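Residue numbers (our numbering): 39 to 540.
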Ligand SMILES: Nc1ncnc2c1ncn2[C@@H]1O[C@H](COP(=O)(O)OP(=O)(O)OP(=O)(O)O)[C@@H](O)[C@H]1O
Ligand SMILES: [Mg+2]
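Printed below as a string of structure tokens:
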């Protein structure tokens with residue numbers, strides 16, 4: 039096989055959505071057998087290009103060539119027939135069906151007469167999952183899995199159909215580093231066997247670990263294709279954002295000192311996917327405290343319990359020194375607690391409504407005692423939030439469904455941040471968000487803390503934990519394995535506690 043032979047060629051691909059030009063004459067090639075990264079800020083056009091390649095969206099203009107032949111895909115099945123499979127950014131799976139049913143959705147092995155052969159379905163799925171080194175039971179229903187596991191099931195699904203080109207659109211946005219290591223091992227193995235992979239991700243480190251070449255898009259335009267080995271992070275960020283990103287160091291000496299805002303003692307939760315046992319921690323005024331640990335260590339369960347979403351079996355919570363009874367999220371909200379959950383898809387973006395309405399919604403519901411927001415106030419709010427988080431949309435009136443994945447995430451963040459709660463709980467706040475906006479969100483979180491807000495941060499990204507947290511509690515198996523001051527914290531110190539405990 040000629041290493042330089044072209045398997046996919048995009049020629050002047052153009053796509054418009056109303057007045058938005060999502061792709062503006064994009065041309066580049068993907069070589070047979072390479073792992074090719076597609077990079078760009080939120081809204082750059084990455085997913086749109088992948089949807090065109092996988093037959094989900096028609097292009098307006100330009101030519102798409104696969105192995106030298108021009109293709110006009112009308113459906114994903116057309117693309118699959120020439121060996122192109124896709125793991126989408128927004129999962130299209132059936133939550134009430136089992137893992138195995140999802141893996142083979144639409145192509146179930148049958149006994150004939152349309153009767154599904156469940157034994158074979160389950161055993162084939164078990165075989166695929168074991169190749170992925172995943173200990174997920176094929177008969178578990180999808181809704182019982184964590185977002186990370188759902189993502190891995192999607193990958194299993196893509197691998198179950200025979201393909202020679204695999205497209206992954208931000209496959210690791212919701213999984214931890216440990217799980218990405220498993221995924222990367224597998225992708226490298228599949229690639230060594232000849233699979234061509236197109237890989238969309240915001241995590242630059244992954245691009246350097248995994249990819250041979252990278253193409254950068256910005257505002258729907260092709261910027262460049264580079265050899266990863268002869269590039270570096272700064273160069274790539276420069277191409278992506280076309281401006282410089284300011285990384286602020288946290289002024290850690292100031293803030294705090296105002297006393298303890300949130301005190302949790304001996305927290306136990308048994309009715310949750312991960313049992314939480316005897317967890318104690320506190321957050322001071324103006325302090326950013328991180329809960330670190332692997333997926334499944336109980337971090338999200340603790341966060342949910344504090345917000346009244348998990349039933350607390352034992353333990354106590356105090357807010358500003360007063361005992362707090364939190365049995366429902368209403369109780370938490372009344373105490374000034376806000377929570378941005380990990381699984382933001384379920385969190386109720388009303389996708390057919392406008393950006394501005396989605397942002398103000400929390401206020402209408404939660405702060406109704408302040409009366410209704412006026413239309414102009416709503417627009418102002420949407421404008422300032424969009425500026426703060428660099429949300430990219432055609433206007434405040436744009437339907438949320440038309441925003442790119444990363445920009446939808448920002449809308450969810452925006453709708454909680456503007457409320458300025460006294461305790462803000464963030465579960466994976468920058469998942470799927472591009473480097474430029476991530477730096478801006480970090481600055482915003484720091485500023486909120488400097489103004490006295492107490493932040494409880496759950497994050498799987500250790501650089502994020504290290505950049506933001508004043509103190510870190512590391513969880514393991516539903517309990518606190520150790521506590522680190524920011525001055526003692528390092529990726530190694532956190533991982534040691536997360537994996538080995540004290
Ligand atoms: N169905 C749609 N209707 C209207 N506009 C759309 C639609 N889909 C995408 N867009 C617009 O096209 C542009 C490119 O979006 P796309 O989803 O391709 O970005 P992306 O690079 O994948 O971003 P992200 O990193 O946030 O996922 C954005 O401005 C987006 O708002
Ligand atoms: Mg996208």
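Every residue gets a Cβ at the ideal spot worked out from N, C-alpha and C, and that includes glycine.
Computed from a predicted model, the values in this text were never measured in an experiment.
Quick one: using the 10 Å Cβ neighbour count with 16 as the cut-off for buried, is residue i buried or exposed?
| i | result |
| --- | --- |
| residue 247 | exposed |
| residue 458 | exposed |
| residue 181 | exposed |
| residue 219 | exposed |
| residue 415 | exposed |
| residue 168 | exposed |
| residue 538 | exposed |
| residue 144 | exposed |
| residue 184 | buried |
| residue 240 | buried |
| residue 82 | buried |
| residue 355 | buried |
| residue 71 | buried |
| residue 176 | buried |
| residue 453 | buried |
| residue 245 | buried |
| residue 514 | buried |
| residue 398 | buried |
| residue 509 | buried |
Is residue i helix, strand or coil when you go by DSSP?
| i | result |
| --- | --- |
| residue 406 | Unreliable placement is indicated for residue 406, whose pLDDT of 46 sits below 50; the coordinate value is still reported in the next sentence. It is helical. |
| residue 292 | In this prediction, residue 292 has a pLDDT of 48, which is less than 50 and means its spatial position is unreliable; what the coordinates show is noted afterwards. Coil, per DSSP. |
| residue 369 | helix |
| residue 479 | helix |
| residue 259 | strand |
| residue 120 | coil |
| residue 313 | coil |
| residue 532 | helix |
| residue 523 | strand |
| residue 360 | strand |
| residue 344 | helix |
| residue 417 | helix |
| residue 436 | coil |
| residue 143 | coil |
| residue 339 | helix |
| residue 156 | helix |
| residue 280 | coil |
| residue 41 | Residue confidence is low: residue 41 scores 48 on pLDDT, short of 50, so the model does not pin down where it sits. No coordinate-derived value is stated. |
| residue 349 | coil |
| residue 355 | strand |
| residue 270 | coil |
| residue 244 | helix |
| residue 89 | helix |
| residue 94 | coil |
Could you tell me which residues DSSP pairs with residue i in its beta bridges?
| i | result |
| --- | --- |
| residue 330 | 512 |
| residue 99 | 52 |
| residue 322 | 298 |
| residue 66 | 48 |
| residue 74 | 236 and 251 |
| residue 518 | 513 |
| residue 136 | 179 |
| residue 377 | 463 |
| residue 398 | Per DSSP, none; premise fails for residue 398. |
| residue 59 | 54 |
Could you say which of the options lies nearest to residue i if we only look at CA atoms?
| i | options | result |
| --- | --- | --- |
| residue 335 | 467, 322, 519 and 90 | 519 |
| residue 93 | 113, 172 and 80 | 113 |
| residue 449 | 462, 421 and 309 | 421 |
| residue 279 | 190, 419 and 472 | 472 |
| residue 138 | 174, 376, 442 and 496 | 174 |
| residue 498 | 267, 533, 50 and 492 | 533 |
| residue 337 | 124, 380, 371 and 367 | 380 |
| residue 321 | 155, 64, 491 and 66 | 491 |
| residue 260 | 316, 514 and 48 | 48 |
| residue 305 | 346, 324, 72 and 268 | 346 |
| residue 162 | 150, 152 and 146 | 146 |
| residue 121 | 482, 105, 437 and 250 | 105 |
| residue 319 | 313, 353, 312 and 310 | 353 |
| residue 536 | 330, 429, 342 and 392 | 330 |
| residue 199 | 141, 251 and 243 | 141 |
| residue 350 | 302, 360 and 505 | 302 |
| residue 309 | 297, 316, 339 and 193 | 339 |
| residue 528 | 460, 507 and 516 | 507 |
Does the distance between the C-beta of residue i and the nearest non-hydrogen atom of ligand 3 fall short of 7 angstroms?
| i | result |
| --- | --- |
| residue 451 | Questions concerning ligand 3 fall outside what the structure shown contains, since the ligands it does hold are ligand 1 and ligand 2. |
Complete beta strand (DSSP E) runs within the stretch 165-240 (minimum length 3 residues, chain order): Counting only runs of 3 or more, we get 203-207 and 234-238.
Contiguous beta strand (DSSP E) assignments of at least 3 residues, all confined to the stretch 458-503: Taking only runs of at least 3 residues, the beta strand (DSSP E) segments lying wholly in the stretch 458-503 are 461-465 and 492-496.
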